[in-house]
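Scroll down for the structure; my scribbles are underneath it.
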Amino acid sequence: MSNAANDDTAELVQRLMDGQRAALARAITHIESGASLAPRILGAIQSAVGNARVIGFTGAPGVGKSTLINAVIRELRKRNKSVAVAAVDPSSPISGGAILGDRVRMGEHGSDDGVFIRSISSRGHLGGLSATTAQVIDLMDAAGWDVVVIETVGAGQSEVEIAQIADISVVVCAPGLGDDVQAIKAGILEIADVLVVNKADQPLADQTCKQLVAMLELRHADRREVPVLTTVATSGDGVERLVKVIEQQYQENVEATRVRGPVQRFQYLIANAAGRQLQEQLATSSEKAMHDMCARVSRGELSVDSAARSLLEAMLR
Ligand SMILES: Nc1nc2c(ncn2[C@@H]2O[C@H](COP(=O)(O)OP(=O)(O)OP(=O)(O)O)[C@@H](O)[C@H]2O)c(=O)[nH]1
Ligand SMILES: [Mg+2]
85 MSNAANDDTA ELVQRLMDGQ RAALARAITH IESGASLAPR ILGAIQSAVG
135 NARVIGFTGA PGVGKSTLIN AVIRELRKRN KSVAVAAVDP SSPISGGAIL
185 GDRVRMGEHG SDDGVFIRSI SSRGHLGGLS ATTAQVIDLM DAAGWDVVVI
235 ETVGAGQSEV EIAQIADISV VVCAPGLGDD VQAIKAGILE IADVLVVNKA
285 DQPLADQTCK QLVAMLELRH ADRREVPVLT TVATSGDGVE RLVKVIEQQY
335 QENVEATRVR GPVQRFQYLI ANAAGRQLQE QLATSSEKAM HDMCARVSRG
385 ELSVDSAARS LLEAMLR
């Protein structure tokens with residue numbers, strides 16, 4: 085890289101860490117577009133990362149995530165916290181209007197210096213959408229924002245993963261889950277630190293809460309309690325309580341060292357990717373060791389878990 089480019093990068097990073105919004109916006113664009121100076125920017129900010137609280141909001145399209153985030157921002161601003169939002173645009177036909185929609189719905193904060201809102205398009209990320217999002221979180225963190233909020237649609241694997249790189253994951257549902265209860269059960273419920281039934285001004289909200297509480301009770305007894313709350317994002321009802329509960333859950337996560345923090349965000353993503361790659365390899369493996377394990381499991385000599393552990397240990401040796 086030329087000296088001039090180095091100087092430009094250093095200046096951009098300096099301005100970003102000084103809290104200049106335009107510098108943050110530009111840096112995010114460099115990360116999103118996979119610009120060649122992206123690694124240098126990310127390297128230069130690392131010492132300043134690690135102070136922001138990261139809250140993920142995820143849920144099906146249209147349940148009211150953006151409206152709720154807007155209301156949560158209002159509460160956080162009352163507490164004098166600055167808030168940066170990264171809305172991961174799923175670019176799906178259902179939510180195709182997310183970017184514009186989010187601008188409009190969160191628009192009331194448009195002139196507030198303590199609020200920064202940015203959409204991240206899910207198209208064309210070299211290192212994957214999750215990695216890009218984690219890097220954007222780092223940028224916002226280094227730029228000094230107190231709270232970083234991530235909005236994702238809980239549709240695909242990577243969107244659920246993004247919710248999980250947050251310190252706290254809020255899963256948002258709407259009343260009348262009906263058949264969707266099964267879909268929620270399939271994975272999204274597992275990642276929730278807090279469950280919210282939004283649109284509580286509509287019928288069936290109480291019933292949906294009861295269904296969710298019943299589903300949570302079916303899980304292993306050793307799992308921690310997940311609070312189930314109701315909100316009306318459009319009026320702000322229940323939002324003050326939601327912010328309090330998020331704070332409590334965050335403190336609990338800190339005590340249980342479940343808060344990921346900047347390094348763990350990437351460790352988590354790498355571990356996930358390694359798991360996927362390993363599964364692909366092992367599922368089609370014709371190695372003798374694998375054949376032997378299969379034979380022993382089929383004869384009932386070995387559990388599936390023990391076989392997997394033995395294989396992993398042999399590979400990592
Ligand atoms: N009645 C009612 N409507 C709500 C409430 N919260 C949000 N809405 C409406 O629900 C619609 C969808 O809200 P959004 O905030 O865009 O939902 P979203 O989950 O962000 O949607 P996507 O980003 O497209 O997945 C909008 O018309 C909101 O005004 C609520 O508490 N009650
Ligand atoms: Mg939205």
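Under my numbering, the first residue of the sequence shown carries the number 85, and numbering increases by one thereafter. Don't be surprised by glycine CBs; every beta carbon is placed ideally from N, CA and C. Because the structure is a prediction, the values reported are computed rather than measured.
- Per the coordinates, the alpha-carbon of I246 lies some 11 Å from the alpha-carbon of V233.
- Relative to G134, the option among D225, V323, M299, S253 whose CA is nearest is D225.
- Per the Cβ contact rule, the segment 369 to 382 is not in contact with the segment 276 to 287 (fewer than 3 Cβ pairs under 8 Å).
- Taking the Cβ of A289 as the reference point, every heavy atom of ligand 2 lies at 8 Å or farther away.
- Secondary structure at S214: helix, using DSSP grouped into helix, strand and coil.
- Contact between V169 and R124 does not hold, since the beta-carbon distance rounds to 26 Å and is not under 8 Å.
- Annotation for L313: V278, L279, V280, V281, G322, R325, L326, V329 place their beta carbon closer than 8 Å to its own, counting only its chain and skipping 5 residues before and after.
- Here G320 really is in contact with R158; their C-beta atoms are around 7 Å apart, less than 8 Å.
- Using a C-beta cut-off of 8 Å, the segment 96 to 104 makes contact with the segment 127 to 145, since at least three inter-stretch Cβ pairs fall below that distance.
- Distance from the CA of R349 to the CA of A218, rounded to the nearest whole angstrom, comes to 7 Å.
- Contact between A258 and V147 holds, since their C-beta atoms are separated by about 4 Å, short of 8 Å.
- For D173, the enclosing beta strand (DSSP E) covers residues 167 to 173.
- Per DSSP, reduced to three states, the secondary structure at I115 is helical.
- Looking at R137, A106, E397, L386, the one whose alpha-carbon comes closest to that of I249 is R137.
- Residue pairing for V280: DSSP places it in a beta bridge opposite V256, L313.
- When the alpha-carbon of K372 is set against those of W229, Q332, L395, the nearest one is in L395.
- F141 is positioned such that its CB atom lies no closer than 9 Å to that of V316.
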